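Report on the structure given below.
Numbering (full-length UniProt numbering), first residue to last: 1 to 142.
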């Protein structure tokens, strides 16, 4: 049922909670967990002001995050790490389709109202646009 699980991460606190769920499902189904960081190069303000230097810094940061997240997985779990550039909301959905992902596991902050409208939600957008099932894991205390 679940052979390929996608765990997108931005390195925030929610990663640990989502990782625990992805790991449990991955171990139960002997699945490969894809740990993905998307360097958000879609923001004009980021790439126009600093160009390639910012992109390199974001990619380096992402490499560290996926390595740390991957290392936190049980050694028995098969894993794959990837750092991509683009709009995280679109890149996660595209990755899931391209790599035959069976389940996406993502943390959510549970924002409501104006906060959600102003800040947007990568998780919400992935849930709405993905053809792949998405498990959302609410952060503790939120």
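Don't be surprised by glycine CBs; every beta carbon is placed ideally from N, CA and C.
As the structure is a computational prediction, the values presented were derived from the model and not from experiment.
Whole-number beta carbon distance between residue j and residue i, since they are thought to touch under 8 angstroms
i	j	result
residue 87	residue 40	7 angstroms
residue 105	residue 21	5 angstroms
residue 123	residue 93	Actually they do not touch by this definition, with Cβ atoms about 12 angstroms apart.
residue 108	residue 137	7 angstroms
Backbone secondary structure at residue i - three-state DSSP
i	result
residue 88	helix
residue 96	helix
residue 40	strand
residue 56	helix
residue 45	Bear in mind that a pLDDT of 47 at residue 45, under 50, signals an unreliable position, so the number given afterwards is only what the model happens to contain. If DSSP states are grouped into helix, strand and coil, residue 45 belongs with the helices.
residue 119	Below a pLDDT of 50, predicted positions are generally treated as unreliable, and residue 119, at 47, falls in that range; no measurement from the model is reported.
residue 34	strand
residue 27	helix
Proximity below 8 angstroms, CB of residue i to CB of residue j
i	j	result
residue 38	residue 6	no
residue 70	residue 59	no
residue 100	residue 4	yes
residue 2	residue 78	no
residue 19	residue 72	yes
Counting pairs of Cβ atoms below 8 angstroms between the region 124-135 and the region 29-41, do you hit three or more?
-> Too few Cβ pairs lie closer than 8 angstroms, so no.
Three or more beta-carbon pairs under 8 angstroms between the region 61-76 and the region 4-22, yes or no?
-> Contact annotation: the region 61-76 touches the region 4-22, with at least three C-beta pairs closer than 8 angstroms.
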